[in-house]
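Peer 1: Next up is a structure, given as structure tokens.
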Amino acid sequence: MTVEIQNNAFSTSAKTKEGVIIIPQILSSETVKSWTFVIKDSKDEIIKSLNGTKSLPQRFVWKGFDDNNISVAEGQYFVRLSVEIERGFLVFESSNVFIDVTPPLISLRTADDIYFIEESGKLNKKINIHLNYSDDHGINPQASGVVIVNAYKVPVKRIYFSSSSIIPDFISWDGKDDIYGTVVPPGNYRIAFLVSDKSGNKEQVKSVITVLGTPRETDDKEKEFAIARDNRGLLMKISAGDLFNIQDAGFVFGAEKILNEAVETIKMFPEKTSVVNVYSSSAAVSAARAEAVVNFLVDRGAQREKIIYNGYENFMVPSGDAAKDGNAVEIIVLKGKESSSAAEDAFFKVDTPVYDEIF
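The opening residue of the sequence shown carries number 1230 in the numbering used here; numbering runs sequentially from there.
Rendered as structure tokens:
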């Protein structure tokens, strides 16, 4: 008797796996009198058993459940098939069956977080992506890949490993998208690394990079933004043109410095909630810009759960709001229930220029 085992390692939580498949074959001249099929755990206890007389099934499928239809625990299992024929018994045993519900261990990192587009239209350097992965029962490259999406969650680049027997440790992207073959516009981009193991378990990790526009000439005067205290709390008011391209959510060169100053202010008040309000001629653009600002702040150490953000169209600015003139970004550290705090008072005593308006 010969026996073939397929899917010897599988996950009870993966819908794509049929289960372990045992395919027995005996000589056509042999007459089967009875058969017994059992699965044992590592303690040699029978958890699943089947038996029959005469004809032997063409295959047995075990989906990881015991005789009580309860999913078994992760671990190694033993298969035993005993077939009684007229001249005796044929026995097959295998210990090469595993229930695996642990997803792969993976990580992703990029050499840099910030890139910018040169006047030639190319990135200042390639985006080098380092991939790490491991799994006790092996990785399935054909079901793994890297997807890069823009701020609107639209994929701009897909990298699959379907033709490879392994996942590379390192890939390099020149910033060109799959649709037009040109460098993506300025903005935040999320890189997702999805890995499936041979058992069907999946894991995903993400990282965010920022592509900035072409560096432009700036005045020798250091760029500043307004910091004031109003009835809401500490107000940082920034011209949208100092952060974003004219009609989208891509950061311009120099935005990183401004937002780094903003995030350091936010981090001075870790117990307080911050609000990001963005105003422009388009509600959709404002929303995308607000999300881009929040992602940047969080990447630099701000607490996402402490940030609320809104995107407004200019003519929809709430009554009484401070940015009715539009095309502005407000970052407000809310004062909370108290009228002020010692930290706020201390903040206004440092040598930081304070302006009521920046327009």
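Yeah, the Cβ is synthetic: ideal placement off N, Cα and C, and Gly gets one too.
Quick caveat: nothing in here was measured; it's all calculated off a predicted structure.
With which residues is P1253 paired in a DSSP beta bridge?
Peer 2: P1253 is bridged to V1232.
Peer 1: Out of curiosity, what's the CA-to-CA distance linking N1369 and I1560?
Peer 2: Between N1369 and I1560, the C-alpha separation is close to 45 Å.
Peer 1: By the 10 Å Cβ neighbour count, where 16 or more other Cβ atoms means buried, how is V1592 classified, buried or exposed?
Peer 2: There is no way to answer for residue 1592, as the model of the chain reaches only from 1230 to 1588.
Peer 1: How far does the beta strand (DSSP E) with N1280 in it reach, from first residue to last?
Peer 2: Per DSSP, N1280 belongs to the beta strand (DSSP E) from 1275-1282.
Peer 1: Quick check: what's the CA-CA separation for A1238 versus V1326?
Peer 2: Going from the Cα of A1238 to the Cα of V1326 covers about 6 Å.
Peer 1: Give the straight-line distance between the Cα atoms of T1494 and N1361, rounded to the nearest whole angstrom.
Peer 2: Taking the straight line joining both Cα atoms gives about 35 Å.
Peer 1: Check this for me: beta carbons of L1310 and T1265, under 9 Å apart or not?
Peer 2: For L1310 and T1265, yes; Cβs fall inside 9 Å.
Peer 1: Once DSSP output is grouped into helix, strand and coil, what is the label at G1540?
Peer 2: Looking at G1540 - three-state DSSP - the assignment turns out to be strand.
Peer 1: Quick one: what does DSSP say F1327 is sitting in, helix, strand or coil?
Peer 2: Strand at F1327.
Peer 1: Along the chain, where does the beta strand (DSSP E) containing S1363 start, and where does it finish?
Peer 2: From DSSP, the beta strand (DSSP E) with S1363 extends over 1356-1363.
Peer 1: Helix, strand or coil: which one does DSSP assign to N1506?
Peer 2: DSSP places N1506 in strand when its eight states are reduced to three.
Peer 1: Give me the residue from R1461, V1378, F1390, K1386 with the minimum Cα distance to Y1409.
Peer 2: Residue K1386 is the option with its Cα nearest to Y1409.
Peer 1: Is it true that the stretch 1475-1482 meets the stretch 1517-1529, where meeting means three or more beta-carbon pairs spaced less than 8 Å apart?
Peer 2: They touch, by the three-pair rule.
Peer 1: For F1239, name the three-state secondary structure that DSSP assigns.
Peer 2: F1239 falls in the strand class under three-state DSSP.
Peer 1: If you follow the alpha helix (DSSP H) that R1518 is part of, which residue opens it and which one closes it?
Peer 2: First-last of the alpha helix (DSSP H) with R1518: 1512-1528.
Peer 1: Taking I1536 and V1505 to be in contact with their CB atoms under 8 Å, please state how far apart those CB atoms are, rounded to whole angstroms.
Peer 2: Confirmed, about 6 Å.
Peer 1: Just tell me which of E1322, E1303, R1529, E1347 has its CA closest to the CA of V1330.
Peer 2: Ranking the options by Cα distance to V1330, first place goes to E1303.
Peer 1: Going by C-alpha distance, which of R1533, S1373, D1398, V1412 is nearest Q1433?
Peer 2: The option with the nearest alpha carbon to Q1433 is S1373.
Peer 1: Assuming contact is defined by CB atoms lying nearer than 9 Å, are I1420 and I1438 in contact in what I supplied?
Peer 2: Yes, the Cβ-Cβ distance between I1420 and I1438 is below 9 Å.
Peer 1: Between A1243 and G1429, how many whole angstroms is the CB-CB distance? I'm expecting something under 8 Å.
Peer 2: With a Cβ gap of about 3 Å, A1243 and G1429 count as contacting.
Peer 1: V1492 by DSSP, collapsed to three states: which one?
Peer 2: Three-state DSSP puts V1492 in a helix.
Peer 1: Quickly, what does DSSP pair Q1433 with across the bridge? List them, please.
Peer 2: In DSSP, Q1433 forms a bridge with L1423.
Peer 1: With a 10 Å radius around its C-beta and 16 neighbouring C-beta atoms as the bar for buried, classify G1530 as buried or exposed.
Peer 2: Flag for G1530 reads exposed.
Peer 1: Can you give me the start and stop residues for the beta strand (DSSP E) that E1559 sits inside?
Peer 2: Where E1559 is concerned, the enclosing beta strand (DSSP E) stretches over 1557-1563.
Peer 1: Looking only at its chain, what residues have a beta carbon closer than 6 Å to the beta carbon of K1269, apart from the 5 residues adjacent to it on each side?
Peer 2: If we look at K1269 and ignore the five residues flanking it on each side, its Cβ neighbours are I1275, F1307.
Peer 1: Please report the residue range of the beta strand (DSSP E) in which R1387 lies.
Peer 2: Residues 1384-1389.
Peer 1: Helix, strand or coil for Q1532 per DSSP?
Peer 2: Reduced to three states, the DSSP call for Q1532 is coil.
Peer 1: Leaving aside the five residues before and after N1280 along the sequence, list all residues of the same chain whose C-beta is less than 8 Å from its C-beta, in chain order.
Peer 2: Counting only Cβ-Cβ distances below 8 Å, and skipping sequence neighbours, we find S1263, W1264, T1265, F1266.
Peer 1: Can a CB atom of chain D be found closer than 9 Å to the CB of S1425?
Peer 2: Of the protein chains in this structure there is only one, and it is not chain D.
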